[in-house]
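If you're matching positions, the sequence shown starts at 3 in the working numbering and goes up one per residue.
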Amino acid sequence: MKTLHSVSLAFSLHNRRVRGILCSVLSTVVLTGAYAQVGDRTKVRAVGMARTVNANTLGVDAFGVNPANLGLPSNRTIDIGIANVGFHVKSELINYEIYQKYFTGVPGANGERVAMELTDQDKEDLMAMMADDGETRFDGELNLFSLALCHPVVGGLGVSINEHVGVRNFLTKNYFRMALFLLPQEGALYDLSGTSFEGWWWRDYNFSYGRKLPFTIPFFKETYFGFSVKFIRGYGYFGTDYYRSKFGTELGPNGLPTIKGSSEFLVRRTGADFLPDLADGEFSNPFPDPAGKGRGLDFGLAAELNNGIHLSAGVVNIGSITWEENVRETEGAGEISISNPLDMAGRDSLEQAFSGIDRVGAPFTTNLPTQLRFGASMWSDEVAFLQWLPGRMMLAFDYTQGLNSSLGNSTTPRLSVGTEYRLIPLLPLRTGIAVGGGDKFRWAAGLGLDLYVLTLDFGTENIGVLFSPDSFSMFEFSFAMRIKV
């Protein structure tokens with residue numbers, strides 16, 4: 003046993019060895035893990051309306067939303083989407099106000115920016131500004147190609163190829179409290195449970211059909227039904243099945259601090275054979291053999307009431323992906339107790355306890371991000387109480403309910419209201435608001451250029467940052483190009 007002076011020195015703020023142990027824990031957790039509702043990012047017209055999409059999509063925009071909308075009357079016989087892209091980045095742990103106040107430095111003696119030295123009160127203020135279990139995520143969608151053929155008698159049918167990629171993690175702010183305050187001599191046990199990392203890359207080949215029903219239903223002017231069959235190819239996945247961990251210090255019987263910890267976790271990961279080549283910049287095959295395969299189904303109904311209001315209801319992404327190739331899993335469970343933090347053997351046992359055992363894993367299944375979708379929309383020239391407006395205005399409302407938390411999905415209901423205004427027919431202006439779905443309140447805006455055979459659309463869901471920059475914690479942008487005949 004070392005002297006009181008040695009142990010106290012080991013737990014002091016400036017001790018490099020304790021910092022090394024702490025960094026080992028943090029980096030091990032992150033590396034172990036490395037092994038908001040999704041969808042609609044490429045429906046760029048709807049992104050500008052806060053992704054209010056369920057009852058107001060036609061042609062290629064109906065894929066993945068409601069296949070019944072493919073059968074709705076359209077002025078396009080052929081609708082083609084090419085390389086539509088949308089992405090979303092957000093962090094609930096750090097917003098722009100935190101970054102600007104604590105991470106941009108302070109003026110130095112010679113006018114240069116130097117690092118800000120945090121007082122204990124600064125650290126407490128920083129902790130108070132962070133979310134308890136903050137989510138950080140990136141997700142993106144790319145529509146490689148989509149084609150919809152619309153006929154007033156046969157209905158609408160088409161095919162679409164879509165990429166889905168994303169990374170999502172949940173971190174308790176106790177990680178940051180531990181990094182700021184380290185391991186105090188008086189004892190502090192940090193609960194790190196609930197840490198979760200998930201990443202995915204999958205592609206769907208969507209074949210859809212929608213048409214008008216050959217019979218009438220009371221109160222409905224017209225009713226449509228549609229379905230989609232999706233062939234899924236998975237190229238990479240990692241996910242945390244569970245993570246329960248505590249780490250910190252306790253005072254022993256002799257009054258000296260002892261490092262205590264426990265860890266229990268299981269992480270699965272899998273990837274296609276080409277991923278190492280992709281990391282080296284040598285990847286060239288856009289249709290490689292996948293690491294997982296699956297199937298999915300969409301079903302939908304769409305209807306128009308006698309008063310010009312359009313309704314939509316559907317369920318999308320019923321199905322799963324089975325991952326069978328290159329499956330690895332890391333599992334760990336154990337407790338540690340170190341009375342001498344200067345002992346390298348103790349540090350090694352600490353790292354082993356939190357890194358686990360890596361082994362070949364058995365095939366496993368992940369559900370597709372299943373969602374229930376309901377919506378309503380109306381055009382000003384189709385309903386009596388809005389016909390006084392100049393130009394054309396569309397009002398729309400959505401309710402989307404995720405049925406699982408898989409592949410970036412959220413079980414928190416999402417409500418949105420959006421509008422599109424065409425005072426100038428070829429220049430539609432859009433805006434909308436949304437709450438729920440795993441995100442904070444969002445204000446969206448977008449615009450389009452609607453030419454005879456070509457449509458360009460732009461949209462973002464965080465236009466509100468222009469009016470409240472300090473709360474900036476999310477960035478999103480989408481772009482789409484469509485050819486119509």
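Each residue gets a CB set at the ideal place from its N, CA and C atoms; glycine is no exception.
All figures in this text were calculated on a predicted structure; none of them were measured in a lab.
Here residue 249 really is in contact with residue 192; their C-beta atoms are around 5 Å apart, less than 8 Å.
By the neighbour-count definition (other C-beta atoms within 10 Å, threshold 16), residue 102 is an exposed residue. If the five residues before and after residue 189 are omitted, its C-beta is found closer than 6 Å to the C-beta atoms of 251, 252, 253, all from its own chain and listed in chain order.
Distance from residue 175 to residue 132 at the Cβ level is roughly 4 Å; contact confirmed, criterion being Cβ atoms closer than 8 Å.
Residue pairing by DSSP puts residue 262 in a beta bridge opposite 250, 339. For residue 319, the enclosing beta strand (DSSP E) starts and ends at 312 to 325. Runs of the beta strand (DSSP E) lying entirely within the segment 402 to 436, each at least 3 residues long, are 416 to 424 in chain order.
Counting the other Cβ atoms within 10 Å of the Cβ of residue 269 gives 16 or more, which makes it buried. Proximity of the segment 377 to 395 to the segment 421 to 438 meets the contact definition, three or more beta-carbon pairs being nearer than 8 Å.
Within a 10 Å sphere around the beta-carbon of residue 245 sit 16 or more other beta-carbons, which makes this residue buried. Per DSSP, residue 60 lies in no alpha helix (DSSP H) and is assigned neither H nor E. When DSSP states are grouped into helix, strand and coil, residue 270 belongs to the strand group. Scanning 108, 330, 401 for the CA closest to the CA of residue 241 turns up 330. By the criterion of at least three beta-carbon pairs nearer than 8 Å, the segment 257 to 265 is not in contact with the segment 306 to 320. The shortest CA-to-CA distance from residue 207 to any of 236, 161, 239 is the one to 161.
Scanning the segment 122 to 173 for uninterrupted beta strand (DSSP E) segments of 3 residues or longer gives 135 to 153, listed from N- to C-terminal end.
For the pair residue 386 and residue 54, the CB atoms are not nearer than the 7 Å cut-off. Assigned with DSSP and collapsed to three states, residue 105 falls in coil, not helix or strand. Taking C-beta separations shorter than 6 Å and ignoring five residues to either side along the sequence, the partners of residue 147 in its chain run 163, following chain order.
In the three-state reduction of the DSSP assignment, residue 330 falls in the strand class, which pools E and B. Sixteen is the threshold: when 16 or more other Cβ atoms of the shown chains lie within 10 Å of the Cβ of residue 237, as they do, the residue is buried. A Cβ-Cβ contact shorter than 7 Å links residue 302 with residue 69.
Taking 7 Å as the cut-off, the Cβ atoms of residue 211 and residue 304 do not count as close. The beta carbon of residue 429 sits closer than 8 Å to the beta carbons of 449, 450, 451, 452 from its chain, once the five residues preceding and following it are set aside; these are given in chain order.
Burial is judged here by how many other beta carbons sit within 10 angstroms of a residue's own beta carbon; residue 456 has fewer than 16 and is exposed. Here the alpha carbons of residue 459 and residue 483 stand approximately 7 Å from one another. Residue environment for residue 65: buried (at least 16 other C-beta atoms within 10 angstroms of its C-beta).
Per DSSP, residue 374 is not a residue of any alpha helix (DSSP H); the beta strand (DSSP E) it occupies stretches across 373 to 381. DSSP lists 162, 232 as the beta-bridge partner residues of residue 208. Taken through DSSP and simplified to helix, strand or coil, residue 198 comes out as strand. The C-beta distance from residue 366 to residue 334 rounds to 18 Å, too long to fall under 8 Å, and the pair is not in contact. A Cβ-Cβ distance of about 5 Å is found for the pair residue 298 and residue 370, placing them in contact under the 8 Å criterion.
Three or more Cβ pairs closer than 8 Å define a contact, and the segment 109 to 117 falls short of that threshold against the segment 172 to 186.
As the crow flies, the alpha-carbon of residue 63 is around 13 Å from that of residue 87.
Residue pairing by DSSP places residue 367 opposite 324 in a beta bridge. Nearest Cα to residue 375 within the set 177, 99, 400: 400.
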